[in-house]
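Residue numbers (our numbering), protein chains in the order written: chain A, 1 to 224; chain B, 1 to 224.
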DNA sequence: ATTTGCCTGTCACTTATTTGTCACAATAAA
DNA sequence: TTTATTGTGACAAATAAGTGACAGGCAAAT
């Protein structure tokens, strides 16, 4: 089994050591950086699978580091913050952070999130994605249900990709529109509904489904 | 301030009484079990915030109890053991214990660990919330009672979220209306009653309840 | 240039669910 | 008992989601 490389970027030494200890204990390879500059150096030299990133730091704060990395890579990023401000949270997600943990937190919680993100990204980065009996061959741009190829329009394909990246999460129409159509798309929210309808029809014989979450949007999941 | 419920499971009566005495002295609610079976009974009937669990016991040892509980819950567990074997320690953590205390230990040390664990678990994650045997998965927008998903309307869900954020507090209808319906909502106060009625019906099989506070409003709490 | 054949986004209409209010019953306090 | 407060069933209005239809867009083929 391949041990993922995790980069811990946190200026406060005591906390950093604790995090590192726990991660090593879980069998991860861990690299430490005590400021944003070193984190960036590390990141661009090494192959990193996940980054734990404090926001408040000397020499490039977490926001800057996050932004720089996001220009190059989709590596999962977990932000650590002292404040629990919702606005920070939102800002973090806009910059492309994948998750957000507020201090103080338990190691158990952090480990849970690390594992969850690694699991997801291991599903994503591969060029084959499996959801129930749906198989997506990213490189070939083909989709199969139980071995039989199905035919999707471009938008349907994009939508499916996005849904599969966010399996089991309730997704708002706004989000879907943002991510699939582009943040600058201005159009009817209900357009999403129509595309969901079309996609549903095409995957109806699969073991996956697009569940509607009333008042919110949709959730992609494997049938119970 | 809410007094956490602590379950002490230890067969040796003298030690158990001492632990209980100290915990009560610190203001905790304490329940006692002299063997693993009773501990499990307690746990699945009551709302327990933390468990102190001896390993060597008649009728289900600590390992078994820990395993059973972990299938249902993330409640903090502190294991007590006579041996200081590293292997036991590791085994304990693998089974999901949160902390580990070797006999003989000082009460001061045990209390410290209890408090540390409670502090952590009280601010665990924004995306999973546990109240008795109700589990709310915020990200997935799903609610479970003892592992079974239940179906809530949007308002019911919002109301439950708000109640769970303010567990054990008496909430006035005005407040609930403000926070759940929005400060600009003008409507009948008694609308809250109707929604409470509906939510009560859907969570009636859980270990949580919405208590009526006559003349004031409602209070969400775990059943005694 | 024109035709053909999808793809797409929007709209209108239908269907299903949710919601707020009311009237009356039940319950607790005085 | 009286009174105030809360519980509850019923129902109509409001909201949300599913869906078919359609017209414009776009690209490949003619």
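Don't be surprised by glycine CBs; every beta carbon is placed ideally from N, CA and C.
- [ ] Whole angstroms is fine: what's the gap from residue 202 of chain B's alpha carbon to residue 208 of chain B's?
- [x] Position 202 of the second chain, counted from the start, is the residue given in the question as residue 202 of chain B. Position 208 of the second chain, counted from the start, is the residue given in the question as residue 208 of chain B. Rounded to whole angstroms, the gap between the alpha carbons of residue 202 of chain B and residue 208 of chain B is 11 Å.
TODO: Please report the residue range of the alpha helix (DSSP H) in which residue 81 of chain B lies.
DONE: Within the second chain, numbered from 1, the residue matching residue 81 of chain B stands at position 81. Careful: residue 81 of chain B lies outside any alpha helix (DSSP H), inside the beta strand (DSSP E) at 77 to 81.
TODO: Taking only the alpha-carbon atoms, compute the straight-line gap between residue 164 of chain B and residue 38 of chain A and give it to the nearest angstrom.
DONE: Position 164 of the second chain holds residue 164 of chain B. Position 38 of the first chain holds residue 38 of chain A. Straight-line Cα distance between these residues: approximately 41 Å.
Open item on the list: Rounding to the nearest angstrom, what Cα-Cα distance links residue 30 of chain B and residue 75 of chain B in this structure?
Closed with: Start at 1 with the first residue of the second chain, and residue 30 of chain B comes out as number 30. Start at 1 with the first residue of the second chain, and residue 75 of chain B comes out as number 75. Those two C-alpha atoms are separated by around 15 Å.
Open item on the list: Using beta carbons (cut-off 7 Å, strictly below), is residue 140 of chain B in contact with chain A?
Closed with: Counted from its first residue, the second chain places residue 140 of chain B at position 140. It does; some Cβ of chain A falls within 7 Å.
Open item on the list: Please classify residue 216 of chain B as buried or exposed, where buried requires at least 16 neighbouring CB atoms within 10 angstroms.
Closed with: Walking along the second chain from the start, residue 216 of chain B turns up at place 216. Around the CB of residue 216 of chain B, fewer than 16 other CB atoms lie within 10 Å, so the residue is classed as exposed.
Task: residue 60 of chain B (DSSP reduced to helix, strand or coil) - done: What you label residue 60 of chain B is simply residue 60 of the second chain in a count that begins at 1. Residue 60 of chain B falls in the coil class under three-state DSSP.
Task: Inter-residue Cα distance where the pair is residue 151 of chain B and residue 106 of chain B - done: By one-based count along the second chain, residue 151 of chain B stands at place 151. By one-based count along the second chain, residue 106 of chain B stands at place 106. Rounded to the nearest angstrom, the two C-alpha atoms are 48 Å apart.
Open item on the list: For the structure I just gave you, are there three or more beta carbon pairs, one from the segment 3 to 12 of chain A and one from the segment 51 to 67 of chain A, closer than 8 Å?
Closed with: yes
- [ ] Indicate whether residue 4 of chain A and residue 49 of chain A have their beta-carbon atoms separated by less than 7 Å.
- [x] Counting from 1 along the first chain, the entry for residue 4 of chain A is found at position 4. Counting from 1 along the first chain, the entry for residue 49 of chain A is found at position 49. A contact, by the Cβ cut-off of 7 Å.
Open item on the list: Counting C-beta neighbours from all protein chains within 10 Å, is the total for residue 69 of chain B 16 or more, i.e. buried, or is it exposed?
Closed with: The count along the second chain starts at 1 and reaches residue 69 of chain B at position 69. Counting the other CB atoms within 10 Å of its CB gives residue 69 of chain B a total of 16 or more, which places it among the buried residues.
TODO: Might you give, ordered along the chain, the residues of its own chain that have their beta carbon closer than 6 Å to the beta carbon of residue 129 of chain B, omitting 5 neighbours on each side?
DONE: Locating residue 129 of chain B in the second chain gives position 129, counting from the first residue. Cβ neighbours of residue 129 of chain B beyond the five flanking positions: 136 and 164.
Open item on the list: For a test of the three-state rule: what should DSSP assign to residue 230 of chain A, helix, strand or coil?
Closed with: As shown, chain A starts at 1 and ends at 224. That puts residue 230 of chain A outside it, with no answer to give.
Task: residue 125 of chain B versus residue 116 of chain A - alpha carbon distance - done: One-based indexing of the second chain puts residue 125 of chain B at position 125. One-based indexing of the first chain puts residue 116 of chain A at position 116. At residue 125 of chain B the pLDDT is 49, less than 50, meaning the model places this residue with poor confidence; the figure from the coordinates comes in the next sentence. Taken atom to atom, the span from the alpha-carbon of residue 125 of chain B to that of residue 116 of chain A is near 13 Å.
- [ ] Measure from the alpha carbon of residue 153 of chain B to the alpha carbon of each residue in B/132, B/34, B/200 and B/110, then state which is nearest.
- [x] Walking along the second chain from the start, residue 153 of chain B turns up at place 153. Of the candidates B/132, B/34, B/200 and B/110, the one whose C-alpha sits nearest the C-alpha of residue 153 of chain B is B/200.
Task: Contained alpha helix (DSSP H) runs [length at least 4] in the segment 106 to 169 of chain B, N- to C-terminal order - done: 107 to 122 and 154 to 165
Task: Min CB distance residue 4 of chain B to chain A below 7 Å - done: As a position in the second chain, residue 4 of chain B is number 4, starting the count at 1. At a cut-off of 7 Å between C-beta atoms, residue 4 of chain B does not count as an interface residue with respect to chain A.
Task: Bridge partner(s) assigned by DSSP for residue 208 of chain B - done: On the second chain, position 208 is the one that residue 208 of chain B refers to. Beta-bridge pairing links residue 208 of chain B to B/222.
Task: the segment 185 to 195 of chain A in contact with the segment 161 to 177 of chain A per 3-pair CB rule at 8 Å - done: yes
- [ ] Please confirm if residue 14 of chain A has its CB atom under 7 Å from at least one CB of chain B.
- [x] On the first chain, residue 14 of chain A is found 14 positions in, with the first residue counted as 1. So no, residue 14 of chain A is outside the interface.
- [ ] Could you tell me which chain B residues have their CB closer than 7 Å to the CB of residue 169 of chain A, listed as they occur along the chain?
- [x] Counting from one through the first chain, the residue named residue 169 of chain A turns up at place 169. Those within 7 Å of residue 169 of chain A in chain B are 139 and 140.
Task: Distance, residue 169 of chain A Cα to residue 44 of chain A Cα - done: One-based indexing of the first chain puts residue 44 of chain A at position 44. One-based indexing of the first chain puts residue 169 of chain A at position 169. Spanning the two alpha carbons is a distance of roughly 31 Å.
Task: Where residue 176 of chain A sits in the DSSP three-state scheme - done: Stepping through the first chain from its first residue, residue 176 of chain A is reached at position 176. Residue 176 of chain A falls in the helix class under three-state DSSP.
- [ ] Verify the contact flag: residue 158 of chain A, CB atom, against every heavy atom of the ligand GDP, threshold strictly below 6 Å.
- [x] Ligands displayed in this structure: none; no statement on the ligand GDP is therefore possible.
Task: 7 Å Cβ cutoff, residue 154 of chain B in contact with chain A - done: In the second chain, residue 154 of chain B corresponds to position 154, counting from 1. Judged by the 7 Å Cβ criterion, residue 154 of chain B is in contact with chain A.
Task: residue 193 of chain B in three-state terms, based on DSSP - done: As a working mapping, residue 193 of chain B is identified with position 193 in the second chain. If DSSP states are grouped into helix, strand and coil, residue 193 of chain B belongs with the helices.
Open item on the list: Can you pull out the residues from the segment 203 to 222 of chain A whose beta carbon lies closer than 7 Å to at least one beta carbon of chain B?
Closed with: Closer than 7 Å at the C-beta level to chain B, one finds these residues of the segment 203 to 222 of chain A: 213, 214, 215, 216 and 219.
Open item on the list: Which residue marks the beginning of the beta strand (DSSP E) containing residue 184 of chain A, and which one marks its end?
Closed with: Here residue 184 of chain A refers to the residue found at position 184 when the first chain is read from its first residue. Where residue 184 of chain A is concerned, there is no enclosing beta strand (DSSP E), given that its DSSP letter is neither H nor E.
Task: Through-space distance from residue 180 of chain B to residue 158 of chain B, alpha-carbon basis - done: Counting from 1 along the second chain, the entry for residue 158 of chain B is found at position 158. Counting from 1 along the second chain, the entry for residue 180 of chain B is found at position 180. If I take the Cα positions, the gap works out to 6 Å.
TODO: Determine which residues share a DSSP beta bridge with residue 50 of chain B and list them.
DONE: Residue 50 of chain B sits at position 50 when you count from the first residue of the second chain. Residue 50 of chain B pairs with B/6.
TODO: Taking the CB atoms as reference points, tell me whether residue 145 of chain A and residue 206 of chain A lie closer together than 7 Å.
DONE: Taking the first residue of the first chain as 1, we reach residue 145 of chain A at position 145. Taking the first residue of the first chain as 1, we reach residue 206 of chain A at position 206. Result yes, Cβ atoms of residue 145 of chain A and residue 206 of chain A sit closer than 7 Å.
Open item on the list: Considering only their Cβ atoms, is the gap separating residue 23 of chain B from residue 67 of chain B smaller than 7 Å?
Closed with: Here residue 67 of chain B refers to the residue found at position 67 of the second chain. Here residue 23 of chain B refers to the residue found at position 23 of the second chain. No.
TODO: Report the rounded CA-to-CA distance for residue 156 of chain A versus residue 219 of chain A, giving the unit in angstroms.
DONE: Residue 156 of chain A sits at position 156 when you count from the first residue of the first chain. Residue 219 of chain A sits at position 219 when you count from the first residue of the first chain. Roughly 15 Å separates the two Cα atoms.
- [ ] Please name the residue or residues paired with residue 74 of chain A in a DSSP beta bridge.
- [x] For this step, residue 74 of chain A is matched to residue 74 along the first chain. BP columns for residue 74 of chain A are empty, so no partner.
Open item on the list: Please report the distance separating the alpha-carbon of residue 213 of chain B from that of residue 101 of chain B.
Closed with: Counted from its first residue, the second chain places residue 213 of chain B at position 213. Counted from its first residue, the second chain places residue 101 of chain B at position 101. Residue 213 of chain B and residue 101 of chain B have their C-alpha atoms roughly 41 Å apart.
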